[in-house]
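> Protein chains in written order, with our numbering: chain R, 29 to 261; chain X, 29 to 261; chain G, 16 to 233; chain Z, 16 to 233. Beta carbons are placed, not taken as given, at the ideal position from N, Cα and C, and that holds for glycine.
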Amino acid sequence: MQKGTQKSVNKLGTRDEALFHIHDSSTLMFGGFGGIGNPPTLIEAILEKGIKDLTLIGNDAAFPDIGIGRIVSRGLATKLIASHIGSNPVAGQLMTDGKLEVEFSPQGTLAERIRAGGVGLKGILVDVGLGSMVEEGKQKVMVDGKTCLLETPLRAEVSIVYAKKADTFGNLVYDTSARNTSPLVAMAGDYTIAEVEEIVPAGELDPECVVTPGIFVDLIIQSKGVNWTWAWE
Amino acid sequence: MQKGTQKSVNKLGTRDEALFHIHDSSTLMFGGFGGIGNPPTLIEAILEKGIKDLTLIGNDAAFPDIGIGRIVSRGLATKLIASHIGSNPVAGQLMTDGKLEVEFSPQGTLAERIRAGGVGLKGILVDVGLGSMVEEGKQKVMVDGKTCLLETPLRAEVSIVYAKKADTFGNLVYDTSARNTSPLVAMAGDYTIAEVEEIVPAGELDPECVVTPGIFVDLIIQSKGVNWTWAWE
Amino acid sequence: MGVDLRNRMARRAAKEIEPGMIVNLGIGIPSLVSNHIPADMQVMFQAENGVLGMGESPEEGEENPMLCNAAGFPVSIVPGASYFDSATAFGIIRSGNLDITILGGLEVSEQGDLANWIVPGKRVPGIGGAMELAQKAKKVIVLMSHVNKHGEPKIVPECHLPLTAKACVDIIITDRAVIEVTEEGLLLKEVMAPYTADDVMKNTDVPLQLSEQVTTLS
Amino acid sequence: MGVDLRNRMARRAAKEIEPGMIVNLGIGIPSLVSNHIPADMQVMFQAENGVLGMGESPEEGEENPMLCNAAGFPVSIVPGASYFDSATAFGIIRSGNLDITILGGLEVSEQGDLANWIVPGKRVPGIGGAMELAQKAKKVIVLMSHVNKHGEPKIVPECHLPLTAKACVDIIITDRAVIEVTEEGLLLKEVMAPYTADDVMKNTDVPLQLSEQVTTLS
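1. For R:G86, which residues in chain X fall below 7 Å Cβ to Cβ?
2. In its own chain, which residues sit with a C-beta less than 7 Å from the C-beta of X:G253, not counting the 5 before and 5 after it?
3. Should R:S117 be flagged as near chain Z, meaning a C-beta pair shorter than 9 Å?
4. Does any residue of chain R have a CB that is nearer than 9 Å to the CB of X:Q250?
5. So, X:A222 versus X:I188, is the Cβ gap smaller than 9 Å?
6. Go through the region 127-193 of chain Z residue by residue and report every complete run of the beta strand (DSSP E) that reaches 3 residues or more, in order.
7. In the DSSP assignment, the alpha helix (DSSP H) including G:V18 goes from what residue to what residue?
8. With R:V162 as the anchor, note down where its alpha helix (DSSP H) starts and where it stops.
9. Measure the CB-CB distance between R:G136 and G:F105 and report whether it falls below 9 Å.
10. I think G:N64 touches G:A96, with their Cβ atoms under 8 Å apart; what is that distance to the nearest whole Å?
11. Please decide whether Z:I52 counts as near chain R, where near means a Cβ-Cβ distance under 9 Å.
12. According to DSSP, simplified to helix, strand and coil, what is Z:V58?
13. Taking only three categories from DSSP, how would you classify G:M81?
14. Who are the near neighbours of Z:S226 in its chain, counting only those whose CB is closer than 7 Å to its CB and skipping five residues on each side?
15. Do G:T179 and G:I142 have their C-beta atoms within less than 9 Å of each other?
16. Taking the C-alpha atoms as reference points, what is the distance between R:K35 and Z:G35?
17. Can you pull the chain G neighbours of R:E236, defined as C-beta to C-beta under 9 Å?
18. Inspect the beta-carbon positions of Z:V196 and Z:D185 and report whether they are closer than 9 Å.
19. Just mark Z:K151 as buried or exposed, buried being the case when its beta carbon has 16 or more other beta carbons within 10 Å.
20. Just list the alpha helix (DSSP H) runs in the region 39-111 of chain R, keeping only unbroken ones of 4 residues or longer that don't cross its boundaries, in chain order.
21. Closer than 9 Å, CB to CB, is Z:R109 near chain X or not?
22. Which word fits R:G32, buried or exposed, when buried means at least 16 other C-beta atoms lie within 10 angstroms of its C-beta?
23. To the nearest angstrom, how far is it from the Cα of G:V215 to the Cα of G:F88?
24. Compute the beta-carbon to beta-carbon distance between G:G166 and G:G41, rounded to the nearest angstrom, for a pair I have assumed lies under 8 Å.
25. Just the Cα atoms here: how many angstroms apart are Z:T231 and Z:V162?
26. With a threshold of 16 other CB atoms inside 10 Å of the CB of X:H255, please say whether the residue is buried or exposed.
27. May I have the straight-line CA-CA distance separating G:S233 from G:K164, to the nearest angstrom?
28. Quick check on G:Q228: does DSSP put it in helix, strand or coil?
29. For R:I64 versus G:P80, is the C-beta spacing smaller than 9 Å?
30. Give a yes or no on whether the C-beta atoms belonging to Z:M146 and X:V156 are separated by under 9 Å.
31. If I follow the unbroken beta strand (DSSP E) through R:T220, where does it start and stop?
32. Just how far apart, CA to CA, sit R:K107 and R:G59?
33. Between R:N208 and chain Z, is there a C-beta pair that is closer than 9 Å?
34. Counting only beta-carbon separations shorter than 9 Å, does R:T204 have a partner in chain X?
35. Could you tell me whether the Cβ of Z:F60 comes closer than 9 Å to any Cβ of chain R?
36. How many angstroms separate the CA atom of X:S210 from the CA atom of X:L200?
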């Protein structure tokens with residue numbers, strides 16, 4: 029690898045380089061679903077640094093002591109855009125106490141809003157949520173004589189995801205259902221950090237099986253693995 | 029495999045079963061890009077049966093004697109929704125002569141319109157094409173103070189795609205860049221037919237590497253391979 | 016509600032599932048339904064996180080913590096399974112490719128409106144995938160207790176709680192009855208012993224039509 | 016235009032490419048640019064059909080007819096390459112992840128407007144990916160002949176042909192000159208021998224600013 033290409037082509041970095049990009053009041057998007065696929069080492073780093081006043085965007089608030097829930101339940105977020113917080117009663121309490129603002133989207137709508145942010149769409153139109161609380165405050169647009177809700181794209185200053193393998197260019201493959209929202213979240217960050225189990229040289233991943241093309245990834249760090257106990261254990 | 033499950037779980041069928049679903053005046057969506065990924069055996073079958081007055085939806089008109097271009101250049105389509113027809117002068121002549129109606133979309137917008145049809149979105153908003161001919165006749169919507177074009181979803185009665193491998197449930201993997209628009213087209217057909225190089229039992233494809241989940245596929249037929257000469261040959 | 020009652024409801028719901036169907040099960044009682052499908056029946060279970068083709072729960076110690084259903088419980092996969100992202104998972108749902116979804120419910124109205132995601136000020140809310148599932152699956156089955164903890168009917172003329180989706184429910188299966196939502200109103204098809212049709216009607220806040228033959232399930 | 020001239024333009028365009036960049040090349044002269052990148056420079060070439068990391072043309076007889084660039088010509092891949100569908104390919108483009116796109120042009124205006132997809136009534140049109148590429152790449156380089164076949168300037172005050180995108184072009188490289196589009200107007204930076212700055216200005220329909228040092232390229 030020649031001089032000058034290091035930065036863009038080999039994206040392997042450290043926990044501290046990752047933390048350099050995440051600050052108090054950052055907008056942070058996270059991959060995962062019910063804690064599965066939340067990046068444990070990056071979350072631990074954020075907790076250790078005590079980063080606060082975060083705006084979080086992701087599927088859910090996980091559990092109080094699992095995944096992104098650890099950040100939420102310690103009061104380090106002031107706003108959460110998610111599809112549910114049912115598994116994290118601390119998040120519910122913070123919301124009730126007015127300490128956490130929560131914006132709810134239907135899960136599939138949220139996934140598409142994140143994808144829209146990632147692929148540069150300016151909005152999507154859905155009929156999901158019509159006639160429910162979800163339509164409150166949203167612009168309505170008629171398409172072929174039918175009312176639709178305008179849902180806006182979501183992006184974040186920093187996206188964090190967890191993957192099984194990365195090559196040095198940042199191509200990612202995931203682990204079974206831990207894929208979930210991560211490929212969407214990876215596309216929607218102005219700066220995307222992937223925490224991965226295993227890092228391999230470029231050329232070692234089957235290009236047919238790459239899920240997230242490396243162009244969407246800015247930094248790769250080695251994962252230390254899950255440091256919590258799952259709810260079912 | 030037990031009685032009654034045959035239809036839904038083993039989708040292997042014949043050329044004639046495929047033709048049963050495609051009629052004069054059908055709306056037919058095709059996978060492929062510049063002919064690559066157009067399904068040769070299904071196209072040959074449509075030509076042999078002489079199906080006409082088709083409305084075609086796909087990336088482009090390929091070449092006069094290659095892929096979907098064979099159907100277009102024989103005058104079997106009355107309408108084409110595509111991003112370009114530059115490589116098929118016969119299509120251009122038919123358009124000029126008023127024998128083929130062509131609706132142009134920017135390529136990325138077209139891909140997203142097909143995807144939107146496939147995943148049940150009612151529309152997408154883009155800023156691509158603003159200030160160009162592409163905005164003519166389209167609804168404009170303001171998002172966060174900025175003008176966007178409303179682009180409508182595309183679906184078809186029948187979608188045809190070409191894949192490298194299928195399992196009997198219809199899970200598909202493609203061949204390098206022949207993937208192109210096919211995973212999108214596969215989702216957007218009321219009835220989707222996949223022509224494949226190799227058919228394997230369910231369980232033989234790596235579930236991490238499946239590109240099109242079998243739920244989107246209704247019928248699988250064995251390909252006889254490409255029966256044209258590529259332009260570069 | 017006891018395990019036996021919950022399993023009776025799940026068993027009844029399982030009868031709605033036919034070979035080859037694509038099925039999504041909600042959390043709670045609906046998640047028990049897969050235990051009541053004949054082992055040789057090929058059904059593809061889908062999960063919102065991004066799996067199609069979930070199989071039975073793995074043996075203890077054999078779990079892959081990354082391979083879970085939408086409720087976060089470890090699962091296995093069957094031949095023909097695939098993994099995809101959550102946008103594709105909801106693409107499958109939103110485009111009408113699910114044959115059946117089985118959901119929990121807080122209230123169901125005479126018109127088949129469903130409320131199941133929020134009790135304002137009382138429960139921590141979670142829309143999750145409920146709106147897409149209720150609005151878009153070909154058949155929506157609701158499994159819920161017939162009355163709430165105050166003994167009040169959960170089948171009502173109009174939902175009081177915020178809606179999940181309008182006119183979406185096809186069948187209501189409770190611990191007391193099986194009720195179909197039809198254009199002519201609610202049709203009582205089956206009662207669960209020891210309840211009688213009379214008991215059921217008394218505890219339902221909407222007039223019920225009686226099916227020609229109301230079956231009693233034991 | 017002869018092969019030598021085309022290659023000189025392509026070689027000049029190649030100088031804009033830096034190590035590690037993500038680059039999309041249009042058809043025609045732009046497709047020649049990759050031949051002029053140093054062999055040891057790591058650049059990821061992207062194609063709209065769904066490839067990132069294209070390498071050189073395969074040897075005759077070694078082609079995989081399925082593995083092609085957006086123009087349909089066989090390519091190879093480099094380590095770190097990936098395949099994806101066309102929606103993702105345009106997701107990369109639309110979200111501004113391309114460092115450079117190099118396109119052909121029919122007309123470029125003083126403001127950097129580009130027309131390159133249709134000559135109404137004369138050429139069979141094809142938008143293709145031109146609108147997304149022109150509108151969204153971080154840097155847009157247009158390679159075109161300086162004048163059309165009637166000897167008329169293609170750099171004009173306002174485009175007469177239908178636009179591909181407004182105010183999108185950063186650099187125009189022709190067989191006669193290299194011109195930068197700036198907020199203060201068009202800046203002549205280089206001329207191609209044997210042309211002189213005077214020749215170029217005479218054949219450009221817009222006043223050109225002169226760069227402090229106008230270099231002459233041989």
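For this structure:
1. As a working note, residue 86 of chain R is residue 58 in the first sequence. Those do not exist, as R:G86 stays about 20 Å from chain X at its closest Cβ, beyond 7 Å.
2. In the second sequence, the residue the question calls residue 253 of chain X occupies position 225. Scanning its chain for C-beta atoms nearer than 7 Å, with the 5 sequence neighbours on each side dropped, one finds around X:G253 the residues P68, in chain order.
3. Residue mapping note: residue 117 of chain R aligns to position 89 of the first sequence, counting from 1. Note on identity: in this sequence residue 117 of chain R is Pro, with Ser being the wrong assignment. Contact with chain Z is absent for R:P117, since none of that chain's Cβ atoms lies less than 9 Å from the residue's Cβ.
4. To locate residue 250 of chain X, count along the second sequence from 1; it is residue 222. Cβ-Cβ to chain R under 9 Å: no for X:Q250.
5. Here residue 222 of chain X refers to the residue found at position 194 of the second sequence. Here residue 188 of chain X refers to the residue found at position 160 of the second sequence. The criterion of a C-beta distance shorter than 9 Å is satisfied by X:A222 and X:I188.
6. Counting whole runs of 3 or more residues, the region 127-193 of chain Z contains the beta strand (DSSP E) stretches 154-158 and 186-188.
7. What you label residue 18 of chain G is simply residue 3 of the third sequence in a count that begins at 1. Unbroken alpha helix (DSSP H) run through G:V18: V18 to A29.
8. Here residue 162 of chain R is taken as the residue at index 134 of the first sequence, counted from 1. R:V162: not part of any alpha helix (DSSP H); DSSP gives it neither H nor E.
9. Walking along the first sequence from the start, residue 136 of chain R turns up at place 108. Walking along the third sequence from the start, residue 105 of chain G turns up at place 90. Taking C-beta atoms as the reference points, R:G136 and G:F105 count as a pair closer than 9 Å.
10. Start at 1 with the first residue of the third sequence, and residue 64 of chain G comes out as number 49. Start at 1 with the first residue of the third sequence, and residue 96 of chain G comes out as number 81. Rounded to whole angstroms, the Cβ separation of G:N64 and G:A96 is 13 Å, and the two are not in contact under 8 Å.
11. The count along the fourth sequence starts at 1 and reaches residue 52 of chain Z at position 37. It does not; no Cβ of chain R falls within 9 Å.
12. Counting from 1 along the fourth sequence, the entry for residue 58 of chain Z is found at position 43. Three-state result, Z:V58: coil.
13. On the third sequence, residue 81 of chain G is found 66 positions in, with the first residue counted as 1. Annotated three-state conformation of G:M81 is coil, per DSSP.
14. One-based indexing of the fourth sequence puts residue 226 of chain Z at position 211. Exclusion of the five residues before and after Z:S226 leaves L202, L203 and K204 as the residues of its chain whose Cβ lies within less than 7 Å of its Cβ.
15. Here the question's residue 179 of chain G lines up with position 164 in the third sequence. Here the question's residue 142 of chain G lines up with position 127 in the third sequence. The Cβ atoms of G:T179 and G:I142 lie closer than 9 Å to each other.
16. Indexing the first sequence from 1 puts residue 35 of chain R at position 7. Indexing the fourth sequence from 1 puts residue 35 of chain Z at position 20. Note on R:K35: pLDDT 41, under 50, position unreliable in the model; the coordinate value appears next. Straight-line measurement puts the Cα of Z:G35 at about 8 Å from the Cα of R:K35.
17. What you label residue 236 of chain R is simply residue 208 of the first sequence in a count that begins at 1. In chain order: nothing, as chain G lies at least about 14 Å away.
18. If you number the fourth sequence from 1, residue 196 of chain Z lands on position 181. If you number the fourth sequence from 1, residue 185 of chain Z lands on position 170. Contact: yes.
19. Position 136 of the fourth sequence, counting from 1, holds the residue named residue 151 of chain Z. The residue in question, Z:K151, is buried, as its Cβ has 16 or more Cβ neighbours within 10 Å.
20. Complete alpha helix (DSSP H) runs here, min 4: 43-48, 68-77 and 97-101.
21. If you number the fourth sequence from 1, residue 109 of chain Z lands on position 94. Taking CB atoms only, Z:R109 has a neighbour in chain X less than 9 Å away.
22. The residue given as residue 32 of chain R occupies position 4 in the first sequence. No answer about R:G32 holds up, because its pLDDT of 35 lies below 50 and its placement is not dependable.
23. Taking the third sequence and counting its residues from 1, one reaches residue 215 of chain G at position 200. Taking the third sequence and counting its residues from 1, one reaches residue 88 of chain G at position 73. In this model, G:V215 and G:F88 are separated by some 34 Å (Cα to Cα).
24. Locating residue 166 of chain G in the third sequence gives position 151, where the first residue counts as 1. Locating residue 41 of chain G in the third sequence gives position 26, where the first residue counts as 1. Cβ-Cβ separation between G:G166 and G:G41: approximately 24 Å, too far for a contact (criterion under 8 Å).
25. Residue mapping note: residue 231 of chain Z aligns to position 216 of the fourth sequence, counting from 1. Residue mapping note: residue 162 of chain Z aligns to position 147 of the fourth sequence, counting from 1. Answer to the nearest angstrom: the Cα atoms are 19 Å apart.
26. Here residue 255 of chain X refers to the residue found at position 227 when the second sequence is read from its first residue. Inspection of the sequence shows that residue 255 of chain X is occupied by Asn rather than by His. By the Cβ neighbour-count rule, X:N255 is exposed, with fewer than 16 other Cβ atoms within 10 Å of its own.
27. Within the third sequence, the letter at position 218 stands for residue 233 of chain G. Within the third sequence, the letter at position 149 stands for residue 164 of chain G. A straight line joining the alpha-carbon of G:S233 with that of G:K164 spans about 23 Å.
28. On the third sequence, residue 228 of chain G is found 213 positions in, with the first residue counted as 1. Looking at G:Q228 - three-state DSSP - the assignment turns out to be strand.
29. Position 36 of the first sequence holds residue 64 of chain R. Position 65 of the third sequence holds residue 80 of chain G. One thing to note: R:I64 has its Cβ within 9 Å of the Cβ of G:P80.
30. To locate residue 146 of chain Z, count along the fourth sequence from 1; it is residue 131. To locate residue 156 of chain X, count along the second sequence from 1; it is residue 128. Yes.
31. Indexing the first sequence from 1 puts residue 220 of chain R at position 192. Counting along the chain, the beta strand (DSSP E) containing R:T220 begins and ends at G217 to V228.
32. Within the first sequence, residue 107 of chain R is the residue found at index 79, counting from 1. Within the first sequence, residue 59 of chain R is the residue found at index 31, counting from 1. Rounded to the nearest whole angstrom, the C-alpha separation of R:K107 and R:G59 is 17 Å.
33. Locating residue 208 of chain R in the first sequence gives position 180, counting from the first residue. No, its Cβ sits nowhere closer than 9 Å to a Cβ of chain Z.
34. Residue 204 of chain R sits at position 176 when you count from the first residue of the first sequence. Chain X, which has a Cβ nearer than 9 Å to the Cβ of R:T204, makes this yes.
35. Numbered from its first residue, the fourth sequence carries residue 60 of chain Z at position 45. It does not; no Cβ of chain R falls within 9 Å.
36. Indexing the second sequence from 1 puts residue 210 of chain X at position 182. Indexing the second sequence from 1 puts residue 200 of chain X at position 172. Here the alpha carbon of X:S210 sits roughly 10 Å from the alpha carbon of X:L200.
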